[in-house]
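For the working numbering, add 351 to where a residue sits in the sequence shown, where the first one is 1.
Note that CB positions come from ideal geometry on N, CA and C, so glycine has one too.
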Amino acid sequence: MCALLFASPTFAQSLKGVEAMLVARSDMVVPGDPIVLDFILKNTTDAPVELSPPGMQTDGYTPESALTLPHVFSGPGFTGLTIKGDYGRTWTDVFGYQPPAGAAKLSIPAKGIVGVSLAINDYYPPVRRAGRYKFVWSPYGGAIKSNEVMVDVEPRKQAVLFTDRGTMKIQFDYEKAPKHVENFIELARDGFYNQRTIHRIEPGFMFQTGCPKGDGTGMRPDGKTLNAEFNDTSIDRGTVCMARLESDPNSASCQFFVTATRIPEWDGRYTVFGKLVGEESMATLDNIMSQPVDDDGRPKHRVLVSFVRIVDMPVDFHPVEAAPVQLPPTPAELPTVPVESP
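See below:
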């Protein structure tokens, strides 16, 4: 029946100018947490359209403007997504969904967009396991097809920075700065942060690293920047923030800085995406901050991040607060330019 409907000129005409889009709320998800996808249909034409799920009775139903499950799962055999996992595995079967005998048509106004968000773990149990998954949505019997999105399902990670002044561990804030966490992990896994100098030390305040040019002007090789994820986390001793241009809140790229003291004036101005944990991390921070610098904050002797390793966060991991230490008084004035480059 579906094949006949797909071959129908009327059915094909109803889909003309309709685009399917798929958006992942997060590119990185912890096993057990929901994988939320946005299913979106866009009418690019200047006239309203009505769409019917193939193989379903629509007579007697009032057309709706909401994207319902019969339309989401309107692919061949009442499927919705094609999911490709590791080692060439593919899944299409939907669990926990029984297609009804009938459904309302979907009405999309001219130039209109409709969509729905679904936690697809509820319908595709295989994605509850750790792995890398690629999703494509093919509604209406596959007559239209969405873009591909990729989601990594893996345990939460932490970063270990090996420097020539000691080792530091970063606990990521997945909740408040997910895109910045993903960006850092991606770059670290690619080896981007290996052999980077700590090119700037503001005594009493912070150190900055992650610049491919070593002078504070470098960016990611692909030029990608991040939208700000400013949050309510206080910038304190051991806070890890993404650097950016003072003039552009959305210019963060690859450089980051670690603060050595409480700096309330910077709260909400930079994206906090992690913090140092453990006594060794704090001792290394103090070691780096004690290095002599010139008048521009450049270390007089090279301070190097040898390499960065991304590792699983221990299941029983609990943040380790640094033991109280006697800090020097906060200087009366902050550096003129807190973070000079992305």
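A direct Cα-to-Cα measurement between Pro427 and Gly492 gives close to 4 Å.
In the three-state DSSP reduction, Thr409 falls in the coil class, being neither helix nor strand. Under the three-state reduction of DSSP output, Thr441 falls in the strand class. Classified as buried, Ala539 has 16 or more neighbouring CB atoms from the shown chains inside 10 Å of its CB. Rounded to the nearest whole angstrom, the C-alpha separation of Ser489 and Leu432 is 6 Å. In the DSSP assignment, Ser468 is bridged to Asp389. Close CB contacts of Pro399 within its chain, under the 6 Å cut and outside five residues either way in sequence, are with Pro460, Ala461 (chain order). DSSP, reduced to helix, strand and coil, places Thr584 outside both helices and strands of the structure shown, so it counts as coil. DSSP places Asn638 within a helical segment (H, G or I) once states are collapsed to three. Per DSSP, Glu533 is one residue of the alpha helix (DSSP H) stretching across 529-540. The C-beta separation of Lys485 from Glu505 comes to about 15 Å, leaving the pair out of contact by the 8 Å criterion.
In this structure, the alpha-carbon of Arg479 lies about 6 Å from that of Asn472. Taking a cut-off of 8 Å on C-beta distances, the segment 647-661 does not touch the segment 609-621, as fewer than three cross pairs fall below it. Judged by DSSP in its simplified three-state form, Met633 adopts helix.
Collapsing the DSSP output to three states places Leu432 in a strand. Rounded to whole angstroms, Gly569 and Tyr448 show a C-alpha spacing of 50 Å.
The Cβ-Cβ distance between Lys456 and Ser377 does not fall below 9 Å. Counting only the Cα atoms, Lys626 lies some 20 Å from Ser641. For the options Phe446, Val502, Thr584, the alpha carbon positioned closest to that of Asp437 is the one of Val502.
Contact check for Ala371 against Val387 fails: the beta carbons are separated by 9 Å or more. Judged by beta-carbon spacing, Ile639 lies within the 9 Å limit of Thr514, meaning their Cβ atoms are closer than that value.
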